[in-house]
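Note that the protein sequences, when read in sequence, are chains A and D. Quick note on our numbering: the first sequence kicks off at 1 and runs consecutively. Quick note on our numbering: the second sequence kicks off at 1 and runs consecutively. Inspection log for the structure reproduced underneath, given as structure tokens.
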Amino acid sequence: MATAADGRFLAGGHALLPSLKQRLDHPSDLIDPGAIAELRGVTKAGGILTIGAMTPHADVANSAVVRASIPALADLAAGIGDPQVRNRATLGGSVAGNPTADYPAALLGLGATIHTDRRQIRADDFFVGTSKTALGRGEIVTAVAFPVPEKAAYAKFSGLASRYAIAGVFVGKSSKGVRVAVTGAGACVFRDLDMENALAADFAPRAIDGLRIPVSGLRSDRHASAEYRAHLIGVMARRAVAACR
Amino acid sequence: MAPPSKTVAFGLNGHGAEVPAEPERRLVDALRQDLGLTGTKIGCDTGDCGLCLVLIDGRPARSCKAPVSQVDGCAVRTVEGILRDGALSKLQQTFIDRGAAQCGFCTPAMLIAAHALLVRNPTPDAEAVRTALAGIPCRCTGYKSIVEAVLAASADPPALAAGQGTTPVGARLPAIDAKAKVTGAERFAADLPPDPETLYVRIVDAGDNLGAFVIGNTAPFLAKHPGIVRLLTAADSPGRGGSSPFAENTISYRGQPVGALVGDQAALAAIDVTALPIEWKKSASGTTGTAREWNVVSGDTDSALADSHLVVETTIDTSLADAAILEPETASARRKGNIVEITAGTTSPCADRARIAAALGLTPDQVRIVAAPAGGARGDSPLSTIVALAAWLTGRPARCTPPRAQSLAMSPKRPRAKLSGRAACDQWGYFAAMDAKGQFDIGADAETDAGLRFALHAPGPFYLPAARAKSRAEPGTAYAASAGRGLGTAEAALLYDSLVDELADQMKIDPLQFRWQNALRRGLPTPSGQWLTTSVGLKPCLDALRPRWQTAREDALRYNTGTARLKRGVGIACGWSGIGAPARPDPAVARIGLGQDGLFTLYADAADGGAGAGTALIQIAAETLGLPTGLFRLAKADTDIIPDAGPPSASRRIFILGQAVRLAASDLKRQILALAAVGTDATLAVKGRAVTVTAGKQSKQVDFGSLASDSRGDTLIGSGSFDPPTLDLDAAGQGLPHAVYAFAAQLAEVVVDTADGSILVLRVTAAQDVGRAINPTLIEGHIHGGIVQGLGWTLFERYVPAESASFKGYRIPMIADMPTIETILIEDPEPLGPFGAKSVRDAAFVPTAPAILNAVFNATGARIVSLPATPPRVLASIREAERRRSKA
Ligand SMILES: Cc1cc2nc3c(=O)[nH]c(=O)nc-3n(C[C@H](O)[C@H](O)[C@H](O)COP(=O)(O)OP(=O)(O)OC[C@H]3O[C@@H](n4cnc5c(N)ncnc54)[C@H](O)[C@@H]3O)c2cc1C
Ligand code: FES
Ligand code: FES
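Rendered as structure tokens:
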């Protein structure tokens, strides 16, 4: 599939085309996987929901299978950008392109596994820093496998023109424990282990009340200070816990 | 992977289309350039705005993000393809009827998204419409008429609001250019095909540099780039001293053009402008110039404050804001002998002509401006002048569409302001005094009236025994200042209405009642010593809001006992806005010709970026002549054809130009009656090439087909001019600054999330004294637009250099932010206005911000003193108010 050494993967084209316009990078060849049908769609087998990397957000939001097994994921997809973005932008583009987007919170919060054309990577090992993932050069995400949780919910606070999160918190509860993933607030999506422990002991919004959310490592920009983001993480986490189903 | 085929074939609006298969080619470029379908707009070019929407296999998608390779074999539909059997579809018709297309720049995208919705769901509710249209910005309509138009086109349409007038004035006449806007036929400046000989222009701007700069020897640079024909700098612009579009030696605002490269498009695109030998001598602030001050002083404010029952005070600051016009700027120019012709989307062709002539060292009649439809009203940008200079000096057609980031950087901004004041009342809640100060960071260009308008309006539309308002325009900030909507006036309202609200609160007087008992009315003086003798509809506005005020306040009280996190609040604010230029002549001229073809042509500068002035002016002309509006057409906004309507300023068109049109129409009627010689009290009827003049039982025909006509085919021409009576102000700001004021009051209902500080505006009820509603649909459209712009200014808009380089970094209100809006038009006819009309635009914007902030106070007890009221700021204010309450 990767015919040219410099081949870039063109999914919804949402992040790549504008940068092409600005000539920030010059891929010699754009590989369009749109034609590759098996990368698109949702399947459920055992306790695992697998979504093809080329599945647009709108398809995830409207999928009866997703809605029945992980409603939080369908809600998250329905809250990304606007209808036009959701019609074109894809799970793979979201996961590979920006570790502060909404989907990465779900991947981390559900302990998902990223399938690529070469290997399988745990979400915990996938998001490694600012604009960085564990993907190698030319490596392509083919699907993401989400273990179906007992319950889960995502709460985000945006207010930005793009609807990206200033802070978004995904909470997932399964037999393996509670996972809390925070996106938008730092340079990369991360887990809040203090909250996970507190919620494991008492899965209720009040469990978070006494916790101090560390400000260090959080972003400070004109939209919000790191302190405000820390505050929001608490607020969003409580909302997510309350909304869990 | 298969080798790329040579072409991509796809279905397009029911036909087939084929374009070259270049991997990087975007669908939007293929549509606009290869296939000539310019109905699909480019708003941002970076994937953020959604204005390039098309349907791909029935799904709305951004065509600037879709590579043509991805639509191979797909069915694509654009706005040109939503006609039904060659006729307007129901949706297009409802867009026209409801006034859903103002400037029309967002219209194609809105139609596409709505069309897709109606195919999927023929009976959507308002929520479904809002969801489907989310992501597409509109800067004009406030979204309300768009949502209503979509609902009206559904299979189960709600009934249309009544009010179809029988006379031209008062009728809900659709805008005359609406049809072109809903079919994609309207050609904005960027849609006009370029001349093959065209040279392109790439502006070299100062970026973030301020202070002195030196351009070194550019000859080696130019020699290395054969595609570049020439570099223009201030030295090429004979008009020095401010009229040059380029900085001369010193940068006075960020993003100021220092030069422009002229050459072929590909060569320009490939150039690295940082390689130009320009030496920036960095400095923190650039602007030179002098501060200016204005005063309005009446009575003894200091003693009144000292003697009063209660004094409150506040300090408020606002942020730099951009007009965020959706249409990207484009200008093209060509030289014809000794004349240079410029085509650009402008709302001030006559003022542009004067400016460009000065910069090029030409006389005004050597410059011709043809105004393309403008996607919103924009303050004057240097673009047209630069392109004109390029055409003038090279002798070849020139054209430029600067990238959005550059356009945003160099376009004038609404300046930051620091406002402070004290207000006092007596023990019965009557105003005793107001002391207001405003400081505006005016930036490079101190031409704006912001400071003066602030001083004149800062005491508020109230009777004040003593008032003192001072303002200062401070150069030294790094932006050119623009004429924003309600500039100076809205800042004034922000100040006085938060002081009024605080007085009412501390006096425990109902806030609406407090305003009502202090409101200006006929027979009272303004703080400028102007006795108001005609239309002052403020009290009727407040009265009209009373019923909603009462229920909304009660609802909020009830709601707030029930829930902890979300708090509801209701706020009210009053606005006033002097119409026209303050305290100086502000004339406008109009002409109406009776053509040999039996149609009347209105020659008037109605270029207004979609505000519908042309339509309203035709209604005024038709009413005056007693003829149907269908007999009238509007001359193109071309400075060779239309008379100078004076500088564009505060909402003056309907009032000033409208009166000039009425006078021109009366003049024409007089001429027709003179030809018929049947007396002065006659009615007209046009049939074919004759006017029938009837007075009593007498009836006579004037056969204008046989009259001599001029080069434009006009047989008779009526002229009118109007300059509203104003008087100069003395040193204390006393005089007669505005002949007429518009008044408004608005009520905002909000819900504040006290956990995260976010504000949702649920509903705005707006009552506005319009004098006389020439066209209620257009007026309501302005009010909706004003409110939603006001909401954006209050909650979101803040221009931050570098970060605001795209729409992604500059948040404007979207459809999801739109409150329910109810408008109530109050008609207190103004004798000086045409048929009693006053202008409405600014006054619709002015009360919105304070009404929202007062509602937030009502909900939370927190006074927001910084715009925009972002969630972190609101949260901090709420916490502060809680601390104060727990201490008390
Ligand atoms: C207006 C707007 C609003 C948005 N709002 C939100 C929001 O609220 N929340 C949010 O989370 N996101 C938001 N997004 C981002 C959006 O969800 C997508 O993440 C983004 O548009 C990229 O997705 P794409 O499928 O178009 O990918 P592309 O643009 O095609 O690709 C993006 C990058 O990922 C790479 N890539 C794509 N697919 C793969 C793959 N399968 N394997 C490996 N690499 C791949 C590409 O090479 C490229 O580098 C918004 C985007 C826009 C334009
Ligand atoms: S032009 Fe395509 S999204 Fe703005
Ligand atoms: S009509 Fe929507 S942007 Fe002007």
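A virtual CB, placed ideally from N, CA and C, is assigned to each residue, including glycine.
Delimiting residues of the alpha helix (DSSP H) encompassing residue i
| i | result |
| --- | --- |
| Thr343 of chain D | Element bounds for Thr343 of chain D: not the alpha helix (DSSP H) but the beta strand (DSSP E), 339–345. |
| His309 of chain D | Run containing His309 of chain D: none; DSSP gives neither H nor E here. |
| Val927 of chain D | This structure does not reach residue 927 of chain D, given that chain D is present from 1 up to 888, and the question cannot be answered. |
| Phe221 of chain D | 219–224 |
| Ser384 of chain D | 383–394 |
Beta-ladder partner(s) of residue i, from DSSP
| i | result |
| --- | --- |
| Leu684 of chain D | D:Val693 |
| His57 of chain A | None; His57 of chain A has no bridge partner. |
| Ala212 of chain D | D:Thr250 |
| Tyr741 of chain D | D:Gly578 |
| Thr891 of chain D | The structure shown has nothing for residue 891 of chain D, since chain D only spans 1 to 888. |
| Asn858 of chain D | Paired residue(s): none; Asn858 of chain D is not in a bridge. |
| Ala372 of chain D | D:Gly345 |
| Ala155 of chain A | A:Val169 |
Beta-carbon proximity check, residue i vs residue j, cutoff 8 Å
| i | j | result |
| --- | --- | --- |
| Ala424 of chain D | Val311 of chain D | yes |
| Thr343 of chain D | Asp352 of chain D | no |
| Phe431 of chain D | Asn295 of chain D | no |
| Gly109 of chain A | Ala181 of chain A | yes |
| Gly135 of chain D | Gln120 of chain A | no |
| Phe10 of chain D | Asp97 of chain D | no |
| Pro872 of chain D | Gly757 of chain D | yes |
| Ala206 of chain D | Arg254 of chain D | yes |
| Ala466 of chain D | Asp300 of chain D | yes |
| Ala359 of chain D | Pro245 of chain D | yes |
| Pro60 of chain D | Ala116 of chain D | yes |
| Asp449 of chain D | Gly488 of chain D | yes |
| Leu37 of chain D | Thr78 of chain D | yes |
| Lys808 of chain D | Ser535 of chain D | no |
Buried versus exposed, by CB contacts within 10 Å (16 or more), residue i
| i | result |
| --- | --- |
| Val119 of chain D | exposed |
| Arg122 of chain A | exposed |
| Trp531 of chain D | exposed |
| Leu24 of chain A | Only weak support is given to the placement of Leu24 of chain A: the predicted model assigns it a pLDDT of 41, under 50, and the value that follows is read from those uncertain coordinates. Burial call: exposed. |
| His15 of chain D | exposed |
| Gly111 of chain A | buried |
| Ser175 of chain A | exposed |
| Ala219 of chain D | exposed |
| Gly58 of chain D | exposed |
| Asn338 of chain D | exposed |
| Ser28 of chain A | The predicted model places Ser28 of chain A with a pLDDT of 47, which falls under 50 and marks its position as unreliable; any figure quoted below should be read in that light. Exposed, since its Cβ has fewer than 16 Cβ neighbours within 10 Å. |
| Arg565 of chain D | exposed |
| Asn98 of chain A | buried |
| Asp202 of chain A | exposed |
| Gly375 of chain D | buried |
| Asn775 of chain D | buried |
| Trp893 of chain D | The requested residue 893 of chain D does not occur in the structure, where chain D is confined to residues 1 to 888. |
| Arg884 of chain D | exposed |
Run of the beta strand (DSSP E) containing residue i, from where it starts to where it stops
| i | result |
| --- | --- |
| Trp280 of chain D | 278–280 |
| Asp703 of chain D | 698–703 |
| Arg807 of chain D | What sits at residue 807 of chain D in the sequence shown is Phe, not Arg. Per DSSP, Phe807 of chain D belongs to no beta strand (DSSP E) and is neither H nor E. |
| Met434 of chain D | 431–441 |
| Val262 of chain D | 257–263 |
Any chain B beta carbon closer than 8 Å to residue i
| i | result |
| --- | --- |
| Lys567 of chain D | The structure shown contains no chain B; its protein chains are A and D. |
Inset, instruction - Specify whether the segment 611–629 of chain D and the segment 827–843 of chain D touch according to this definition: at least 3 beta carbon pairs, one from each stretch, less than 8 Å apart. - result: yes
Inset, instruction - Evaluate contact between the segment 495–512 of chain D and the segment 850–864 of chain D, counting only Cβ atoms and requiring at least three cross-stretch pairs below 8 Å. - result: yes
Legend entry - Stretch-stretch touch, CB-based, cutoff 8 Å, three pairs: the segment 390–402 of chain D with the segment 413–423 of chain D: no
Legend entry - contact_flag[the segment 762–782 of chain D, the segment 837–848 of chain D] where n(CB pairs < 8 Å) is 3 or more: yes
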